[in-house]
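In what follows, a single structure is set out as structure tokens and then discussed.
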Amino acid sequence: MRTLFSPWRRIEAQSASGTPKDRWDAFTFNAISRLVGFMMRIGLLIAALIVVFGFLVLWLIAVCLWVIFPFLPLILSLYSLRFL
Numbered sequence: 001m002r003t004l005f006s007p008w009r010r011i012e013a014q015s016a017s018g019t020p021k022d023r024w025d026a027f028t029f030n031a032i033s034r035l036v037g038f039m040m041r042i043g044l045l046i047a048a049l050i051v052v053f054g055f056l057v058l059w060l061i062a063v064c065l066w067v068i069f070p071f072l073p074l075i076l077s078l079y080s081l082r083f084l
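Taking the UniProt record's numbering, I'd label the letters of the sequence shown as residues 1 to 84.
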């Protein structure tokens, strides 16, 4: 959670002078940089979860086929006897 809100690519603004405008500019830039970093990291996490879920579905299909495949000739031959 700590790095989820860290600035995007460590881009931060430092206020060179102590004027309120410079501090406000640095604050808004840093807030936007943190927001961009948050959005990019959340997007990457969501994309990774979609990929992992897709691989899980493919793995389950492969396991089901692996279990059914040895019995497929028997099932098909019994099915073909029905048409004789």
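Cβ coordinates follow ideal geometry from the N, Cα and C atoms, glycine included.
Of the residues assessed, Gly37 falls on the buried side of the cut-off, its CB having 16 or more other CB atoms within 10 angstroms. In the DSSP assignment, Leu84 falls outside any alpha helix (DSSP H), carrying neither H nor E. In the DSSP assignment, Thr28 falls within the unbroken alpha helix (DSSP H) covering Pro20 to Ile68.
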